[in-house]
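Let me begin by presenting the structure, written as structure tokens, before commenting on it.
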Amino acid sequence: MAKIVVTYGIPGDVESFDRHYKEIHIPLALKLPGLKKFETSEGPVVSPAGPSPVHLVAILHFEDMASLQAGLASPEGQAAAADAQTIMAPGSGMLIFDSREF
Numbered sequence: 089m090a091k092i093v094v095t096y097g098i099p100g101d102v103e104s105f106d107r108h109y110k111e112i113h114i115p116l117a118l119k120l121p122g123l124k125k126f127e128t129s130e131g132p133v134v135s136p137a138g139p140s141p142v143h144l145v146a147i148l149h150f151e152d153m154a155s156l157q158a159g160l161a162s163p164e165g166q167a168a169a170a171d172a173q174t175i176m177a178p179g180s181g182m183l184i185f186d187s188r189e190f
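Counting in this note's numbering, the sequence shown runs from 89 upward without gaps.
Shown next, in the form of structure tokens:
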């Protein structure tokens, strides 16, 4: 399974970010071709040491890396990526990887 993990830094306006994310970004992301599962963090994102500089974590699951890459390259993927850029605060990031279960 291939995954994208997006970490969103703490936005200047949390209410506006949350509203935009739920009303605009999630519907865009759910249209990604090949997307098998989409999940987000719920509530505070903390580290073992306490508070973190992350407001929200999103995890997108795809069958394999080829499906993930095709999803990102699609018009729907480009629209979701463009929208994400408008709401990513400093400290945001994205990780892409293949995973394996044990």
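Note that the Cβ used here is the ideal one computed from N, Cα and C, for glycine as well.
Considering only DSSP beta bridges, list what residue i is partnered with.
i, result
"Ser135", "Gly138"
Can you tell me whether DSSP reads residue i as helix, strand or coil?
i, result
"Met89", "coil"
"Gly181", "strand"
"Ile114", "helix"
"Glu189", "coil"
Which residue marks the beginning of the alpha helix (DSSP H) containing residue i, and which one marks its end?
i, result
"Met176", "Per DSSP, Met176 belongs to no alpha helix (DSSP H) and is neither H nor E."
"Leu156", "153–161"
"Phe105", "102–108"
How many angstroms separate the CA atom of residue i from the CA atom of residue j?
i, j, result
"Ser162", "Val134", "33 Å"
"Ile98", "Glu151", "30 Å"
"Glu103", "Met176", "14 Å"
"Leu183", "Ala90", "11 Å"
"Ile147", "Lys124", "11 Å"
Which first and last residues belong to the beta strand (DSSP E) in which residue i is found?
i, result
"Lys125", "123–128"
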